[in-house]
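In the numbering used here, the protein residues as written are 3 to 547.
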């Protein structure tokens, strides 16, 4: 009798587990040993987001996703050589590389899948009277002249004109550029060549030439690390906004076409990308690549002009080290990235992908051998930029993006609010004008970045994070790491991350959670009730005696 009760309870528990999806082939429910490990290399621009996502899927779903940020150019080369399962880049394969090398032609089929949007920011280290400047403003022409070597002093009249509220110091500018081939360099130089081609005459290049008084450093962590050191005072670099947020340093507000100096927050990037054009020809080798001319010249006053997104380059055929088993993992990871993964983008200093890019990415996901042939279920996609019933041309972040403060408008006044990692630290007026706060616009600048700084400290903490510990890393005057951790800066593939994942607030218990609780109670009952019943039977027998 006892055995029969125990068997029935155990069978009931197994049945409940099957219903809840614990015995399932869907990505969130699969066992850890059912996911083949995958490896990739490439972009450091999007690495902070990627490292957070791979921690999440490793901790929550048992996936092993290895990644090394070696630069977009190196990542594309690794993909061509078949030494990785995927790559990440901000620009597509180059048919005519600017260094004169052979055209970049992969040996097997591939596709581009958007993974995260963001702003290429200008992180800097500057003080006036011993106090850190946190509210620098720069026009596009001035930025271009700084990185082309035409402006070499912080008190240049053109910089002073952008910053009426600051008495700019007589200090040399040190432009810090990428020494490796990078998508960040390509994006930045493309913008300069399109918007200020009379100043920047080199066109788009992944290999940034070092200005006469500049410094060249490897990777996003390298350039951000140099600027953040004490010897980096006077330095400025171009890097994804996320790195400035995480290192506790400000970024320059850049003048947009509407005449406002704007910070690259998630909403300002979302607004800008509403004017992005996308190659929608599925027969084109560059399907889903971005055309950003409309972004650069977007007339919305909330726009950050250097906004773009990054690509996951995925195989569409099994070849070399890539198998259908790996494709199943890559497809599951890609599905997570397009939906739930976008929830952590804002806190990490990025902007989550809108619905049109999620839908387009879903089509690319279907082409991966072994991946979910149905792609993303858009009605269950937990992405913060859209809700059920939204149009693909809509973006919730853009809809709710606040207008800029009046003191962010080009003119005699200058907002004193700190940006990016310096949010909450105002800079006193040392020049003319009455100053003002960006918070007057409802948190478009400092308030949003401040929340991102606080959240990113929690969401991105962990030993495997490529940019974690910027404050602990110490570099010499040439930018070489002398102590601390630079994480994933070398040529090898980084180990799988194992730290705590980013967690989302639950909307309350749904059927699966209740069924899981029922299963647990049944299992407990299967263990506890038989001994209790046996003791009662023995007691009754003894009483009869």
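Don't be surprised by glycine CBs; every beta carbon is placed ideally from N, CA and C.
Between which two residues does the beta strand (DSSP E) harbouring residue 68 extend?
Here residue 68 refers to the residue found at position 66 of the chain shown. Counting along the chain, the beta strand (DSSP E) containing residue 68 begins and ends at 67-71.
Could I get the ranges of all uninterrupted alpha helix (DSSP H) runs contained in the stretch 87-111, with 4 residues as the minimum, in chain order?
none
Is residue 137 closer than 8 Å to residue 319 when the C-beta atoms are compared?
By one-based count along the chain shown, residue 319 stands at place 317. By one-based count along the chain shown, residue 137 stands at place 135. Contact: no.
Per the contact definition of three or more C-beta pairs closer than 8 Å, is the stretch 86-104 in contact with the stretch 34-45?
yes
Hey, could you find the ends of the alpha helix (DSSP H) residue 189 is sitting in?
Locating residue 189 in the chain shown gives position 187, counting from the first residue. Looking at the DSSP string, the run of the alpha helix (DSSP H) that includes residue 189 is 185-197.
What residue range does the beta strand (DSSP E) around residue 257 cover?
Reading the chain shown from its first residue, position 255 is the one you call residue 257. Unbroken beta strand (DSSP E) run through residue 257: 255-257.
Could you pull the start and end residues of the alpha helix (DSSP H) that residue 265 belongs to?
Within the chain shown, the letter at position 263 stands for residue 265. No alpha helix (DSSP H) holds residue 265; DSSP gives it neither H nor E.
Here's a check: name, in chain order, each residue in its chain whose Cβ is nearer than 8 Å to the Cβ of residue 178, leaving out the five neighbours to either side.
Here the question's residue 178 lines up with position 176 in the chain shown. Closer than 8 Å at Cβ, skipping near neighbours: 216, 217, 218, 219, 225, 228, 229, 234, 237, 238, 239 and 481.
Near residue 193, what residues of its chain come up, given a Cβ to Cβ distance below 7 Å and the 5 sequence neighbours on each side ignored?
Here residue 193 refers to the residue found at position 191 when the chain shown is read from its first residue. If we look at residue 193 and ignore the five residues flanking it on each side, its Cβ neighbours are 298 and 308.
Determine the extent of the alpha helix (DSSP H) in which residue 219 is found, giving its start and end residues.
Counted from its first residue, the chain shown places residue 219 at position 217. Counting along the chain, residue 219 falls outside any alpha helix (DSSP H), though it belongs to the beta strand (DSSP E) covering 217-219.
Which residue marks the beginning of the beta strand (DSSP E) containing residue 135, and which one marks its end?
Mapped onto the chain shown, residue 135 falls at position 133. Careful: residue 135 lies outside any beta strand (DSSP E) and carries neither H nor E.
Under the assumption that residue 82 contacts residue 109 (Cβ atoms under 8 Å), give the Cβ distance between them as a whole number of angstroms.
Indexing the chain shown from 1 puts residue 82 at position 80. Indexing the chain shown from 1 puts residue 109 at position 107. Indeed they touch by this definition, with Cβ atoms about 7 Å apart.
Three or more beta-carbon pairs under 8 Å between the stretch 275-290 and the stretch 55-73, yes or no?
no
Could you say if the stretch 338-355 and the stretch 378-386 meet the contact criterion of at least three C-beta pairs nearer than 8 Å?
yes
Delimiting residues of the beta strand (DSSP E) encompassing residue 297:
Your numbering for residue 297 matches position 295 in the chain shown. Looking at the DSSP string, residue 297 is not in any beta strand (DSSP E); the run it does join, the alpha helix (DSSP H), is 295-298.
From which residue to which residue does the beta strand (DSSP E) around residue 314 run?
Looking up residue 314 in the chain shown gives position 312. Run containing residue 314: 309-317, per the beta strand (DSSP E) assignment.
Would the stretch 360-370 and the stretch 115-125 be scored as touching if the rule is three or more Cβ pairs under 8 Å?
yes
Report yes or no: do the stretch 143-156 and the stretch 396-412 share at least 3 C-beta pairs separated by less than 8 Å?
no
By the three-class DSSP mapping on this structure, what secondary structure does residue 466 have?
Within the chain shown, residue 466 is the residue found at index 464, counting from 1. Residue placement at residue 466 is poorly supported in this model, since its pLDDT is 31, which falls under 50; the coordinates still yield a value, given next. DSSP places residue 466 in coil when its eight states are reduced to three.
Please look up how many angstroms separate the CB atoms of residue 221 and residue 111, rounded, as I've assumed it's under 8 Å.
Along the chain shown, read from residue 1 onward, the residue named residue 221 stands at position 219. Along the chain shown, read from residue 1 onward, the residue named residue 111 stands at position 109. That belief does not hold up - the Cβ atoms of residue 221 and residue 111 are roughly 29 Å apart, past 8 Å.
Over what stretch of residues does the alpha helix (DSSP H) that includes residue 244 continue unbroken?
As a first step, residue 244 must be located in the chain shown, where it is residue number 242. Here the alpha helix (DSSP H) through residue 244 covers 243-249.
In terms of alpha-carbon separation, which member of 306, 374 and 379 lies closest to residue 342?
As a working mapping, residue 342 is identified with position 340 in the chain shown. Out of 306, 374 and 379, 379 has the C-alpha closest to the C-alpha of residue 342.
Residue 420 and residue 427 - do their beta-carbons sit closer together than 8 Å?
Translated into the one-based positions of the chain shown, residue 427 becomes position 425. Translated into the one-based positions of the chain shown, residue 420 becomes position 418. Yes, the pair counts as a contact, with Cβ atoms nearer than the cut-off.
Thinking C-beta only, is residue 124 closer than 8 Å to residue 254?
Within the chain shown, the letter at position 252 stands for residue 254. Within the chain shown, the letter at position 122 stands for residue 124. Yes. Within cutoff.
Have a look at the DSSP bridge pairing and note the partners of residue 125.
Counted from its first residue, the chain shown places residue 125 at position 123. DSSP lists 239 and 253 as partners of residue 125.
Which of the three DSSP states, helix, strand or coil, is assigned to residue 278?
Walking along the chain shown from the start, residue 278 turns up at place 276. Three-state result, residue 278: coil.
Taking only the alpha-carbon atoms, compute the straight-line gap between residue 314 and residue 134 and give it to the nearest angstrom.
Along the chain shown, read from residue 1 onward, the residue named residue 314 stands at position 312. Along the chain shown, read from residue 1 onward, the residue named residue 134 stands at position 132. Roughly 37 Å between the two C-alpha positions.
Can you give the Cα-Cα distance for residue 60 and residue 422, rounded to whole angstroms?
Here residue 60 is taken as the residue at index 58 of the chain shown, counted from 1. Here residue 422 is taken as the residue at index 420 of the chain shown, counted from 1. Distance between the alpha carbons of residue 60 and residue 422: 29 Å.
Count the other CB atoms, across all protein chains shown, that sit within 10 Å of the CB of residue 129; report buried if there are 16 or more and exposed otherwise.
Locating residue 129 in the chain shown gives position 127, where the first residue counts as 1. By the 10 Å Cβ count, residue 129 comes out exposed.
What separation, rounded to the nearest whole angstrom, lies between the Cα atoms of residue 270 and residue 393?
In the chain shown, counting from the first residue as 1, residue 270 sits at position 268. In the chain shown, counting from the first residue as 1, residue 393 sits at position 391. Each residue's alpha carbon lies about 20 Å from the other.
Burial state of residue 163, where buried means 16 or more other Cβ atoms lie within 10 Å
As a working mapping, residue 163 is identified with position 161 in the chain shown. Counting Cβ neighbours within 10 Å, residue 163 comes out exposed, since fewer than 16 surround it.
CB-CB under 7 Å to residue 174, same chain, minus the five flanking residues each way: which ones, in chain order?
The residue labelled residue 174 in the question sits at position 172 within the chain shown. Around residue 174: 154, 155, 215 and 236.
Where are the beta strand (DSSP E) runs, 3 residues long or more, that stay fully inside the stretch 358-433, in chain order?
none
Across which residues does DSSP place residue 147 in a beta bridge pair?
Numbered from its first residue, the chain shown carries residue 147 at position 145. Answer is none; residue 147 lacks a bridge partner.
Going by C-alpha to C-alpha distance, which of 248, 208, 157 and 97 sits closest to residue 223?
On the chain shown, residue 223 is found 221 positions in, with the first residue counted as 1. It is 248 whose Cα lies nearest to the Cα of residue 223.
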